[in-house]
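Q: Sharing a structure below in structure tokens format, with a few things to ask.
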Amino acid sequence: MSAPTAVWRRPDWICAESERVKAGLAEQERSWSRGFTRRSFLAGSGMVLAASLGSQLVTTRHAYAAEGTGKTLVVIFLRGALDGLATVVPANDPNYRAARPVIGIPDSQLLQLDATFGLHPSLSPLMPLWNSDKLAFVHSVGARDSNRDHFASQSIMERGTATLSSSDGWLDRVLAKDGPGTTFRAVCEGPSVVEALKASRDAVAMRGIDSLTFNNPSAKIADALRTLYTGLDAPVGALMEHTLTAVADSGPIKGTPKTPQNGARYPANAFGDALADIVRLVRSNCGLRAATVDLGGWDLHSEAGTVTAGAQTSHLTELGSALSAYTTDLGTRISDVTTVVISEFGRRVEQNSSGGTDHGFGGLMMLIGGAVRGGQMHGAWPGLAEADLTSGGDLDIRNDYRDVLGEVALKALGLGDMSGIFPGYTVNPLGVMR
Amino acid sequence: MPPASTASTSVLIDDQQLHVLRRATYGPTAELLADIRARGTNAWLSEQLAPLSIGDSAMDAVVARFPLVNAAISTLNALAQPREASLQLQQCTIARQVWSKRQLFEVMVEFWSNHLNVLTPHPATYTLKPVEDRAVIRKHALGRFENLLVADARSPAMLHYLMNNESEAADPNENYGRELLQLHTVTPSARYTETDVRDSALVLTGRSTDGKGTFVYKSELHYVGPVRVLGWSSANASASGGLAVGDSYLRYLARHEHTARNLSRKLALRFVSDDPPQSLIDNLTEVWLDTGGAIVPWLRALFTSPEFANSIGQKNRRPGEDVVASARALKFQPPTAPSNSPIIDLLNHCNSFGHAPLGWGPPNGYPDILDGWWSVGTTLGRCNVHRQFTRGYPTGLPRPPLRDLLAGPSMSTLGAVVDRLTDTLTAQRFRDDHRNALLAYAGWSASAPYDQRAVDKMLPDLTELVLNSAYRSLR
């Protein structure tokens, strides 16, 4: 942590020791009068940029948006590198057959999407979305800067750039452009804030809205904690402030029925719980603009299994059943909510000697929502012929991830433009959104 | 107790011995503080850096509650429920953090477990991780990094976790070869290439297991032919010599300046601040290079550095550390009944915060900075755990009554009660406004006369609040 610019003094001491009063100190004092010091935690982090400082300070936390005005972008990150070629499968493709004699999905089992592709049968719950034009895919998509390393590649995708000097996330920049929002404008369902939202520290990380409840029933607990964390020259002061604000503003969301609507039945697991909670947030009209959910376990280097049994099939079944319940639960609000499912890179075309696949290059994205130009594949497809593969056996990247995410965010949230969201890059929309 | 220092930039007092205890242990206790005050920081540190010199028989008895932790691999292989082995290891790890007297050793065990991350419980590591924990991590935690790294490259748990066990010359699995460079040693700052990564994987081919948890070098899987990674190269001319070639490669990486710098930065992140001074990283790097990666002198240099001394209050307890430190503050004792379920309760709290010991999935290890734990839900969840702890949960861990927190000369006012409580739990007085917050919560006036009934009524809540405070969440 860099050296603090001022020493904490009680206000009466500040008067008594006027020689110590400087502009910086006065500024800190003003922030303390609201309960907490923000400046010191910003100064204390080497990762926070001036841009995010701006977004932090212009964000006024009012609890609720006007009803029905809310559009929401939901980003589901499949950590570990989804096998896009086992998910949206090239049908009747001899190259695919040859590369995946054991783990390949037989043509007879595929759910036909278009002339080229079929869907893994475990995702059959999603076919009604495809048939009603609310589901689309982009194949051969990814970050050309990715390097087959999970963390570096996830980081590139979440920051929206391979440039390490830019350490805020792409959703941080989206929200900065979006302008002021509510306490629950950004929610990460999980143990901590994801890298895409890390810099502004505005996002609420939680495991469901009901978890934001003090077991201590005293009406004085929040005031006591607020005072106990006032005037710290430490970033944890801002974290406690954020926590108390979120708890205080969570009441109406908790008052929104938890029961899934429209007969939706979620799988009983953390992923299903997270999606159900997001729908509850949407229904509460709490002003949710961006939400993230992680689902791990996709790094199937060995024993991926076959279409009838194994890890790939069970993972896709979990994904499909949860997403189906989620869209059912959303009901008509699906017109307000755009969901994008992403992963850090694809997997090698050829299965390996362990019955799995190693790290590849081009991947797959899934888009869901009423605003999505659904029922079709988007973007270019290079094919799997040997001459079209890259780096000795990988599906190439023909569609830049930023072109998809940029267009999705622009249209899903009604941003004016995408300038600055992806530093040094101009988004070229593929037409994935209406 | 000294008052909160007005010169400090932290609410934590400028007490160097307390500062050392906050960083080198899972939470200061009155006993530890008395010990370091009596013997001096250097003597205390020297003892902690020679953990076998510290008698820990009570801990041994607790470890014996988890027989699979020290079971032979043949025993583990025969388990009907192999997952139980890794669950026992997680539980035992928490128990050691709470009750072992070899505190700095446990802190460094966690440091190296995290640096050379291997997820457990996971089907690939259920039975292998307990062996790795004792035969690799604990064995070398205060030894030389070079030996740790070489042992790790023979560890079935690591070889399975990063799939080197199935890597072969014709079809190398690059997972381990890549992470070895990127995470375990030099980092991308050394500017290795994809060709280096490929050769790194080729050098390691053949390092496998017998499928029953024992390391086997399978020469028939080893790539033969010249290999070059950064400044190291070998003719690698025979399959039978491949293991020795790999060891020479690992020792090269261990001694590399970028490895020294990577680990020195990580050490400073653990013990000093989330943004450690470059001067400290430079000095630690120098010590590491001078001593050939010997861990004890490296730690000594850290704890005696001015940068360490100047870093009071600049680290935050991560959620799992909070669970353990709170258990220590309230003097939870090991279970007396046969069931380990109260220790499982502690583990479950850590799990709920995504911070179970050894439970991080990807090979990069748990984050060690506040940013990695920035969570409204966890911040609130920690307060709820403190409430449970002050109300007798988890049951089955004997602990003294809360009124023992007020032990000492009789107190004449309620203000003195608050002071005694913060003395005991934080070894310092709270700043006036924070002290007033506790008094206001209790509805007390500082000068009001001591009132046993009022104290009995409010003590659990006040204890909870002190545990919630920054005086405890900072370390």
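Protein sequence lines correspond, in order, to chains X and L.
The numbering of the first sequence is our numbering, which starts it at 83 and goes up by one.
The numbering of the second sequence is our numbering, which starts it at 1468 and goes up by one.
In this text, a Cβ means the ideal position worked out from N, Cα and C, and glycines have one as well.
1) Counting beta carbon pairs with one atom in the region 1779 to 1788 of chain L and one in the region 1816 to 1836 of chain L, are three or more of them shorter than 8 Å?
2) List, in order along the chain, the chain X residues whose C-beta lies closer than 9 Å to that of Val1478 (chain L)?
3) Mind checking if Ser237 (chain X) is an interface residue toward chain L, Cβ cutoff 8 Å exclusive?
4) Could you tell me whether any Cβ in chain L is nearer than 8 Å to the Cβ of Ser274 (chain X)?
5) Val1696 (chain L) to Asp1619 (chain L), Cα distance in whole Å?
6) Going by DSSP in three states, Pro1916 (chain L) sits in which element: helix, strand or coil?
7) Going along chain X, which residues have a C-beta under 9 Å from Gly1943 (chain L)?
8) Spell out whether any CB of chain L is found under 8 Å from the CB atom of Ser293 (chain X).
9) So, is Asn1783 (chain L) buried or exposed, given that buried needs 16 or more other C-beta atoms within 10 angstroms?
10) Quick one: any contact between the region 1840 to 1858 of chain L and the region 282 to 302 of chain X, if contact means 3 or more CB pairs under 8 Å?
11) Given that Glu1633 (chain L) touches chain X, what residues does it touch there, using C-beta distances under 8 Å?
12) When you compare the CB of Leu321 (chain X) with every CB in chain L, is at least one pair closer than 8 Å?
13) Can you give the Cα-Cα distance for Ala1792 (chain L) and Ser228 (chain X), rounded to whole angstroms?
14) Give me the chain X residues within the contact set of Leu1873 (chain L), using Cβ-Cβ distance strictly less than 9 Å, ordered along the chain.
15) Where does Lys340 (chain X) land, buried or exposed, given buried means 16+ other C-beta within 10 angstroms?
16) May I ask you to verify whether the region 442 to 457 of chain X touches the region 410 to 427 of chain X, counting CB pairs closer than 8 Å and requiring at least 3?
17) Determine, using beta carbons only, whether Pro1623 (chain L) and Leu1647 (chain L) come nearer to each other than 8 Å.
18) Any idea if Gln1649 (chain L) is buried or exposed, counting beta-carbon neighbours within 10 angstroms, 16 or more meaning buried?
19) By Cβ distance below 7 Å, which residues in the same chain neighbour His144 (chain X) in space, the five residues on each side in sequence not counted?
20) Could you give the distance in angstroms between the alpha-carbon of Ala1711 (chain L) and the alpha-carbon of Leu1934 (chain L)?
21) For Leu195 (chain X), I'd like the list of residues in its chain whose CB is within less than 8 Å of its CB, leaving aside the five on either flank, ordered along the chain.
22) What does a CB cutoff of less than 7 Å around Asn174 (chain X) pick up in its chain, not counting 5 residues either side in sequence?
23) Taking Cβ positions only, does Leu310 (chain X) come closer than 8 Å to chain L?
24) Note down, in chain order, every chain X residue with its Cβ under 7 Å from the Cβ of Gln1649 (chain L).
25) Check whether the region 403 to 413 of chain X and the region 357 to 369 of chain X are in contact - that is, three or more C-beta pairs closer than 8 Å.
26) On a Cα-Cα basis, can you pick out the residue from L:Thr1771, L:Asp1928, L:Arg1795, L:Tyr1690 that is closest to Pro1865 (chain L)?
27) Once DSSP output is grouped into helix, strand and coil, what is the label at Thr374 (chain X)?
28) As a quick exercise: from L:Cys1559, L:Leu1751, L:Leu1535, pick the residue whose alpha carbon is nearest that of Pro1773 (chain L).
29) Taking only the alpha-carbon atoms, compute the straight-line gap between Ala386 (chain X) and Met1630 (chain L) and give it to the nearest angstrom.
30) Closer than 7 Å by beta-carbon distance: list the chain L residues that pair up with His324 (chain X), in chain order.
31) Just checking: is the beta-carbon of Val431 (chain X) within a distance shorter than 8 Å of some beta-carbon in chain L?
32) Taking a contact to mean a Cβ-Cβ separation below 8 Å, would you say Ile1604 (chain L) touches Trp1579 (chain L) in this structure?
33) Which same chain residues, not among the five before or five after Tyr1977 (chain L), have their C-beta less than 8 Å away from its C-beta?
34) At the 8 Å Cβ level, is Val375 (chain X) part of the contact set with chain C, yes or no?
35) So, using beta-carbon positions, are Phe504 (chain X) and Thr243 (chain X) closer together than 8 Å?
36) Is DSSP giving Gln1895 (chain L) helix, strand or coil here?
A: So, to answer that:
1) yes
2) Within the second sequence, the letter at position 11 stands for residue 1478 (chain L). Within 9 Å Cβ-Cβ: Trp90, Gly313, Leu314, Asp315, Ala316.
3) As a first step, residue 237 (chain X) must be located in the first sequence, where it is residue number 155. It does not; no Cβ of chain L falls within 8 Å.
4) Along the first sequence, read from residue 1 onward, the residue named residue 274 (chain X) stands at position 192. Chain L contact via Cβ: present.
5) Taking the second sequence and counting its residues from 1, one reaches residue 1696 (chain L) at position 229. Taking the second sequence and counting its residues from 1, one reaches residue 1619 (chain L) at position 152. Those two C-alpha atoms are separated by around 19 Å.
6) Locating residue 1916 (chain L) in the second sequence gives position 449, where the first residue counts as 1. Three-state result, Pro1916 (chain L): strand.
7) Chain L is shown only over 1468 to 1942; residue 1943 (chain L) falls outside these bounds and no answer can be derived.
8) For this step, residue 293 (chain X) is matched to residue 211 along the first sequence. By this cut-off, Ser293 (chain X) is an interface position.
9) Stepping through the second sequence from its first residue, residue 1783 (chain L) is reached at position 316. By the neighbour-count rule (16 or more Cβ atoms within 10 Å), Asn1783 (chain L) is buried.
10) yes
11) Reading the second sequence from its first residue, position 166 is the one you call residue 1633 (chain L). By Cβ distance, chain X contributes Ser384, Ser435, Ser436.
12) By one-based count along the first sequence, residue 321 (chain X) stands at place 239. Answer yes: the Cβ-Cβ gap between Leu321 (chain X) and chain L drops below 8 Å somewhere.
13) As a first step, residue 1792 (chain L) is located in the second sequence; it is residue number 325 there, counting from the start. As a first step, residue 228 (chain X) is located in the first sequence; it is residue number 146 there, counting from the start. In a straight line, the C-alpha of Ala1792 (chain L) is about 40 Å away from that of Ser228 (chain X).
14) Here the question's residue 1873 (chain L) lines up with position 406 in the second sequence. Ordered by position in chain X, no residue passes the 9 Å Cβ test against Leu1873 (chain L), which lies about 19 Å from the chain.
15) As a position in the first sequence, residue 340 (chain X) is number 258, starting the count at 1. Lys340 (chain X) should be labelled exposed.
16) yes
17) As a first step, residue 1623 (chain L) must be located in the second sequence, where it is residue number 156. As a first step, residue 1647 (chain L) must be located in the second sequence, where it is residue number 180. Against a cut-off of 8 Å, the Cβ pair of Leu1647 (chain L) and Pro1623 (chain L) comes out as no contact.
18) Here residue 1649 (chain L) refers to the residue found at position 182 when the second sequence is read from its first residue. So Gln1649 (chain L) counts as buried.
19) In the first sequence, the residue the question calls residue 144 (chain X) occupies position 62. Residue confidence for His144 (chain X) is low, a pLDDT of 46 falling below 50, so the modelled location carries little weight and cannot support an answer.
20) Taking the second sequence and counting its residues from 1, the one referred to as residue 1711 (chain L) is at position 244. Taking the second sequence and counting its residues from 1, the one referred to as residue 1934 (chain L) is at position 467. Roughly 52 Å between the two C-alpha positions.
21) For the purposes of this step, residue 195 (chain X) is identified with residue 113 of the first sequence, where counting begins at 1. Cβ neighbours of Leu195 (chain X) beyond the five flanking positions: Val170, Leu201, Trp212, Phe219, Met459.
22) Position 92 of the first sequence holds residue 174 (chain X). Cβ neighbours of Asn174 (chain X) beyond the five flanking positions: Asp189.
23) Locating residue 310 (chain X) in the first sequence gives position 228, counting from the first residue. Output row for Leu310 (chain X): interface = yes.
24) Translated into the one-based positions of the second sequence, residue 1649 (chain L) becomes position 182. Simply Asp231.
25) yes
26) If you number the second sequence from 1, residue 1865 (chain L) lands on position 398. Taking only the C-alpha atoms, the option nearest Pro1865 (chain L) is L:Arg1795.
27) The residue given as residue 374 (chain X) occupies position 292 in the first sequence. Note: Thr374 (chain X) maps to strand in three-state DSSP.
28) The residue given as residue 1773 (chain L) occupies position 306 in the second sequence. Pro1773 (chain L) has its Cα closest to that of L:Leu1751, out of L:Cys1559, L:Leu1751, L:Leu1535.
29) Here residue 386 (chain X) corresponds to residue number 304 of the first sequence, with the count starting at 1. Here residue 1630 (chain L) corresponds to residue number 163 of the second sequence, with the count starting at 1. Straight-line measurement puts the Cα of Met1630 (chain L) at about 14 Å from the Cα of Ala386 (chain X).
30) Within the first sequence, numbered from 1, the residue matching residue 324 (chain X) stands at position 242. Under the 7 Å cutoff, chain L gives Val1843.
31) Working through the first sequence from its first residue, we reach residue 431 (chain X) at position 349. Taking Cβ atoms only, chain L never reaches closer than 8 Å to Val431 (chain X), which makes this a no.
32) For the purposes of this step, residue 1604 (chain L) is taken as the residue at position 137 of the second sequence. For the purposes of this step, residue 1579 (chain L) is taken as the residue at position 112 of the second sequence. Result yes, Cβ atoms of Ile1604 (chain L) and Trp1579 (chain L) sit closer than 8 Å.
33) Summary: the structure shown does not reach residue 1977 (chain L), with chain L confined to residues 1468 through 1942, and so no result is reported for it.
34) This model lacks chain C altogether, as its protein chains are X and L.
35) As a position in the first sequence, residue 504 (chain X) is number 422, starting the count at 1. As a position in the first sequence, residue 243 (chain X) is number 161, starting the count at 1. In this structure, Phe504 (chain X) lies near Thr243 (chain X), with their beta-carbon atoms less than 8 Å apart.
36) To locate residue 1895 (chain L), count along the second sequence from 1; it is residue 428. Coil.
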